[in-house]
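Q: In the working numbering, the protein residues as written are 26 to 83.
Cβ atoms here follow ideal geometry from the backbone N, Cα and C, with glycine treated the same way.
These figures come from a predicted structure and were not determined experimentally.
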Amino acid sequence: MRPCRPWSPQDLEHLKMLADSNVRVNAIARRLNRTISALRTKASKEGISLIEISIPLL
């Protein structure tokens, strides 16, 4: 398990901007170099809604 990297004010602003632009959570994770779990946790704490990817079941 990787150690947690603190969220800078710029990271948080970037997260808010991308979420407000309806960018999917997996794309935000790649852009911010964070795990999806880290994004979900931070977004939840900050009251930010994320667009989740849905994979259809076969």
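Using the Cα positions of cysteine 29 and lysine 67, report the straight-line distance between them to the nearest angstrom.
A: The count along the sequence shown starts at 1 and reaches residue 29 at position 4. The count along the sequence shown starts at 1 and reaches residue 67 at position 42. Rounded to whole angstroms, the gap between the alpha carbons of cysteine 29 and lysine 67 is 12 Å.
Q: On the criterion of 16 or more Cβ atoms from any shown chain inside 10 Å, does arginine 59 qualify as buried, or is it exposed?
A: The count along the sequence shown starts at 1 and reaches residue 59 at position 34. By the 10 Å Cβ count, arginine 59 comes out buried.
Q: Quick one: grab the DSSP three-state call for cysteine 49.
A: As a first step, residue 49 must be located in the sequence shown, where it is residue number 24. First, the amino acid is wrong: residue 49 is arginine here, not cysteine. DSSP places arginine 49 in strand when its eight states are reduced to three.
Q: Taking 8 Å as the threshold (C-beta atoms), are valine 50 and leucine 64 in contact?
A: Position 39 of the sequence shown, counted from the start, is the residue given in the question as residue 64. Position 25 of the sequence shown, counted from the start, is the residue given in the question as residue 50. Contact flag set, yes.
Q: Going by C-alpha to C-alpha distance, which of Leu57, Ala44, Asp45, Ser62 sits closest to serine 33?
A: Here the question's residue 33 lines up with position 8 in the sequence shown. For the residues Leu57, Ala44, Asp45, Ser62, the minimum Cα distance to serine 33 belongs to Leu57.
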